[in-house]
């Protein structure tokens, strides 16, 4: 990997991407707090162990933004909230090299808006990786109109170095995968609401009858019901009442131990 990669965030996407990158070279993870640093360190190490490679020495986790100064490619992977992301990019400029590529892992927000917030749209890219990062080969690349040819090529080259397949997609809410996927996932929830079928029954039907590796309700749990609802509203899809009810109960899916299924 020719880029010196830095990733801001401590969630599943950030840690999964860091672990994959660590199999190719050194990577820095920027977390918000001491507790986030501890969680990110443990999570990245755990993923590295599952990958069967001794790459933990390639990962530096810190809460000090100064660790970004040597990065040539900075990836923001924080909460899917436009205000939080915009604030991150507005505050970052003093800590990043003038020729670094700036990327966001947003799954649904307008890349052009975040590019403008960064102050450097010519060096900006939407780098939508999928969870779990070590297993999912696709990266959706979305560029603002100002993105330079060099930015586009370096983004493609990074995906290749990480062993991913990059597809350039339009900067439209949800890009391609989520724009097509989430209406289907929400229809599975509405079917459950109408028929009182169990989550297990619906997921089994789609796994065995349609060849899906994971049922739609289990997939919503994996993504996180809060994140799923946010994506749904961004792409103007109707979010089922059951999802809002589970979110209000604190049942967000796998990350809280309960969603449509119990973990």
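Numbering (this note's numbering), first residue to last: 596 to 858. By construction, the Cβ of each residue, glycine as well, lies at the ideal position given by its N, Cα and C atoms.
Euclidean distance between Cα positions of residue i and residue j
| i | j | result |
| --- | --- | --- |
| residue 698 | residue 833 | 29 Å |
| residue 918 | residue 777 | Residue 918 is absent from the structure shown; the chain starts at 596 and stops at 858. |
| residue 843 | residue 811 | 21 Å |
| residue 746 | residue 694 | 10 Å |
| residue 835 | residue 664 | 44 Å |
| residue 602 | residue 790 | 44 Å |
| residue 758 | residue 646 | 14 Å |
| residue 667 | residue 683 | 17 Å |
| residue 770 | residue 613 | 23 Å |
| residue 847 | residue 689 | 36 Å |
| residue 794 | residue 685 | 42 Å |
| residue 821 | residue 673 | 14 Å |
| residue 852 | residue 708 | 34 Å |
| residue 857 | residue 798 | 14 Å |
| residue 669 | residue 775 | 28 Å |
| residue 638 | residue 652 | 14 Å |
| residue 608 | residue 642 | 12 Å |
| residue 845 | residue 772 | 27 Å |
| residue 680 | residue 710 | 10 Å |
| residue 768 | residue 802 | 28 Å |
| residue 677 | residue 704 | 7 Å |
| residue 617 | residue 640 | 10 Å |
| residue 622 | residue 742 | 24 Å |
| residue 813 | residue 636 | 27 Å |
| residue 744 | residue 840 | 46 Å |
DSSP beta-bridge partners of residue i
| i | result |
| --- | --- |
| residue 668 | 600, 696 |
| residue 763 | 736 |
| residue 655 | 623 |
| residue 853 | 848, 857 |
| residue 724 | 734 |
Reduced DSSP category for residue i - H, G, I as helix; E, B as strand; rest coil
| i | result |
| --- | --- |
| residue 719 | strand |
| residue 784 | helix |
| residue 611 | helix |
| residue 691 | coil |
| residue 674 | coil |
| residue 818 | helix |
| residue 639 | helix |
| residue 709 | helix |
| residue 801 | helix |
| residue 633 | helix |
| residue 827 | helix |
| residue 661 | helix |
| residue 750 | helix |
| residue 756 | helix |
| residue 834 | coil |
| residue 704 | coil |
Best match in the options for proximity to residue i [C-alpha to C-alpha]
| i | options | result |
| --- | --- | --- |
| residue 597 | 753, 801, 815, 760 | 753 |
| residue 604 | 640, 675, 741, 643 | 675 |
| residue 654 | 686, 672, 685, 619 | 619 |
| residue 644 | 622, 729, 814 | 729 |
| residue 738 | 671, 719, 845, 641 | 719 |
| residue 816 | 727, 772, 750, 755 | 727 |
| residue 756 | 704, 615, 779 | 615 |
| residue 783 | 800, 705, 599 | 800 |
| residue 850 | 767, 623, 819 | 819 |
| residue 706 | 813, 611, 765, 600 | 765 |
| residue 691 | 600, 781, 744 | 600 |
Take every Cβ of the stretch 626-635, pair it with every Cβ of the stretch 705-714, and state whether three or more of those distances are shorter than 8 Å.
Touching, no, given that fewer than three Cβ pairs across the two stretches are closer than 8 Å.
Quick check: the stretch 719-731 against the stretch 699-708, are there 3 or more CB pairs under 8 Å?
As far as the Cβ criterion goes, the stretch 719-731 touches the stretch 699-708, which means the pair count is three or higher.
Closer than 8 Å is the cut-off here; do at least three beta carbon pairs connect the stretch 798-808 with the stretch 822-840?
The stretch 798-808 is not in contact with the stretch 822-840.
contact_flag[the stretch 631-645, the stretch 654-673] where n(CB pairs < 8 Å) is 3 or more:
Pairwise C-beta distances place the stretch 631-645 in contact with the stretch 654-673, as three or more of them are shorter than 8 Å.
Are the stretch 724-738 and the stretch 759-767 touching, with three or more C-beta to C-beta distances below 8 Å?
A contact exists between the stretch 724-738 and the stretch 759-767.
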